[in-house]
Structures are given as C-alpha cells and as structure tokens.
Amino acid sequence: LINESAWEEMTCLFALSLVYVLEATVTEERRRLMMEIIYHKCEFVGEMTVVQQAQRQLSLASYERIEQTLKECIAAKLLPANLLTRRAAVLMRSYLSGLMENWLFAPDSFDLHAEARDYVAILLEMYQFCPTLRGPESLSA
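If you read the sequence shown in the working numbering, its first letter stands for residue 3, the second for the next number, and so on.
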C-alpha cells in the first residue's frame, strides 16, 4: 500500500472525497437508491431521457473537474509531472463507478465501506507507478 506520509499528502487534496463517495454509497440510503436507479434499475425511455442527458452532461463536466484536481496534485508534486490527466480521469470514473455498481449488485460480496480507503490507495498507486498513464517527460497533462 501507499506509505502513510504520501497518503496524508494525497488526502489533503482529493482522496478523502473519493473515500466519501464509496462510503456514502453504503451508508446513505438516499444516495444508494439513486445509484441503483442510475446503474441498473432504470431504462431511459420517455421522460427519463432527460435524466440520461443530464447524467451525460454531468459526466463530461466531471472529467474536467477531475483533471483540474489531478493537475493541482501534479503542481503540488504529489503525482508524476507527466501523468496523462484525461486518461487518469477516465480511469478514476470507471474505477469508482465499477466499484459502486459491483457493490450495488452484490453488497455481500465485499465490504465497500471498510475497504474504501484501500481502494482509493490502489487508484493513487496506479497513478504514481503505471507507465501507461505517463506521457513524455516534458508533458504535464
């Protein structure tokens, strides 16, 4: 796992938010119910197509917010300077969505609440060490 001092530095910027998203999926019934609708209990037909369009727009906007946060981490020297931020943002959304969806389908299969910090640490380690998330040394986005 990521060492404790690096973990503490990362949490100051965004890791706590990621842990919250995972834990809230478990502990906040209203959020969980909404996620269930979005992930697997809703067909987007008729009036619900508006919800689908809104979700799509939020998704696109969130990539930009995630990228901005990653760039702030890079500027603070918490992540590699040549991290491909768009690719990292896509992976973050996919990873978190996958964890939440898998837990919603089978909540007894793993303890999302207890393991949220470890799942976020894994994501951050991937950002730090995965060579396919890196561009040329001079690249910072």
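Beta carbons are placed, not taken as given, at the ideal position from N, Cα and C, and that holds for glycine.
N-terminal and C-terminal residue of the alpha helix (DSSP H) that residue i is part of
i: G100; result: 87-107
i: F131; result: 114-131
Residues bridged to residue i [DSSP beta-bridge criterion]
i: R2; result: Because the chain here runs from 3 to 143, residue 2 falls outside it and cannot be looked at.
i: R67; result: Bridge partners of R67: none, in fact.
Straight-line Cα distance separating residue j from residue i
i: A78; j: A116; result: 29 Å
i: P133; j: L125; result: 14 Å
i: F112; j: W105; result: 7 Å
i: N84; j: E69; result: 13 Å
i: R136; j: I40; result: 32 Å
i: A108; j: T71; result: 31 Å
i: E74; j: D110; result: 36 Å
i: S102; j: S64; result: The sequence as given places Met at residue 102; Ser does not occur at that position. When rounded, the distance between both Cα atoms is 17 Å.
i: R95; j: F131; result: 19 Å
Exposure of residue i, with buried meaning 16 or more beta-carbon neighbours within 10 Å
i: L35; result: exposed
i: R32; result: exposed
i: I2; result: Beyond the ends of the chain as shown, which are 3 and 143, falls residue 2; an answer cannot be given.
i: A91; result: buried
i: A17; result: buried
i: P82; result: buried
i: T29; result: exposed
i: R119; result: buried
i: A123; result: buried
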